[in-house]
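Reminder that position 215 of the sequence shown reads as 215 in UniProt numbering, one-by-one numbering, no gaps. These notes concern the structure reproduced below.
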Amino acid sequence: MEALYLLASLAATVVTSAFHSLLLFLRLLLRYPRRAAPTDDGPAAAARLYEGRVRHARRRPAAHTFEYPARYALVDLDRLPLPGHLSADDARRVASTSGPVHLLTVPESVGYEQNPLSIYYCYDSAGQGQDGELRTCIAEVTNTPWAERVMFTFQPGSDLIAKPLHVSPFMDMLSNWSIRADAPGDRLYVGISVQHPTLGDYFTAVLDAKLVEQTSNSLRLATFFWLMPHKVAAWIYWEVRVLCVM
1 MEALYLLASL AATVVTSAFH SLLLFLRLLL RYPRRAAPTD DGPAAAARLY EGRVRHARRR
61 PAAHTFEYPA RYALVDLDRL PLPGHLSADD ARRVASTSGP VHLLTVPESV GYEQNPLSIY
121 YCYDSAGQGQ DGELRTCIAE VTNTPWAERV MFTFQPGSDL IAKPLHVSPF MDMLSNWSIR
181 ADAPGDRLYV GISVQHPTLG DYFTAVLDAK LVEQTSNSLR LATFFWLMPH KVAAWIYWEV
241 RVLCVM
């Protein structure tokens, strides 16, 4: 039954994504004759676009590393609310902050979403910098393939959190997560280290990226992230296969 469910889910995703990709292509064709507007809107943009790499390193019980290219958006939720995520006001209530809220995420693409980790950067109005002072982060973790989701707050810079969710069949729940999330700028860094009572510091995951563009153009967002969630899912399932045969 599980195999049939997975096949049906895969078929539905392929059909849905093909249909939405066709609609996106038609939007591009309709826009093509017009004079192209600049896509980089500078500091006033609703979204900052980042390109970089995600790297996983496992040291025990068997050593294994893999990495893949990734694209992320840092979205100003007051200007561009995203369906399926907290609103800016909801995030401020959770974080007890009063300033801007920026969501780091891989946006849905052509009807499909695959987003293991999203982070809300919650600022206070008073403080240095254009956005104020970064006070609290909210992590939104979704496991694969169960699509279970949990949220928790952590302190920016570095914090230690009890593992809140089963995210891998190769890891038990007897762990803490050491999380580091620096305030995003021209560079973006997020690191998670898994600390286990018997295996020690045996797994790390890192996102390291750089700012490539700032935009408020919805069509540009759609083309920049076209099939990105699908690629993330493919890399995750491929690595599961590799670990199963190790």
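Where is the CB? At the ideal position from N, CA and C, for every residue including glycine.
From the DSSP output, which residues share a beta bridge with residue i?
i    : result
F66  : H56
W235 : W235 is not bridged to any residue.
N176 : A162, Q195
F203 : R58, V194
T215 : A47
D208 : R53, Y189
V240 : Answer is none; V240 lacks a bridge partner.
D76  : H102
A181 : V190
R27  : Partner(s): none; R27 has no beta bridge.
R220 : Per DSSP, none; premise fails for R220.
Would a C-beta distance cut-off of 7 Å place residue i and residue j closer than the cut-off?
i    : j    : result
H102 : L80  : no
V141 : L160 : no
A62  : D78  : no
Q195 : N217 : no
A44  : D76  : no
T153 : D124 : no
R60  : L199 : yes
P145 : L174 : no
L243 : F170 : yes
Just confirm the distance between the C-beta atoms of residue i and residue j, as a whole number of angstroms; I'd bet it's less than 8 Å.
i    : j    : result
W226 : S109 : 6 Å
A181 : T136 : About 11 Å; that fails the 8 Å criterion.
Y121 : L134 : 6 Å
G52  : K210 : 6 Å
P107 : L221 : 6 Å
A183 : P156 : 6 Å
Excluding sequence positions up to five away, which residues of its chain have a Cβ less than 7 Å from the Cβ of residue i?
i    : result
F224 : L49, R71
V232 : V106, Q114
P69  : R53
D208 : G52, R53, Y189
T13  : Y112
R92  : S98, V101, C122
H166 : N143, M173
Report all residues from its chain with a CB closer than 8 Å to the CB of residue i; omit the five preceding and five following residues, and keep chain order.
i    : result
T65  : R55, H56, A57, R58
R31  : L219
R27  : L219, A222
G84  : E108, E113
S158 : S178, I179, R180
Might you give, ordered along the chain, the residues of its own chain that have their beta carbon closer than 6 Å to the beta carbon of residue i, omitting 5 neighbours on each side?
i           : result
S17         : V110, G111, Y112
A21         : Reading off the sequence shown, one finds Ser at residue 21, where the question assumed Ala. Counting only Cβ-Cβ distances below 6 Å, and skipping sequence neighbours, we find V110.
P164        : V150, F152
residue 290 : The question about residue 290 has no answer, for the chain in this structure spans 1 to 246.
V212        : L49, E51
At which residue ranges does the region 81-167 contain complete alpha helix (DSSP H) runs of 4 or more residues, listed in the order of the chain?
88-95
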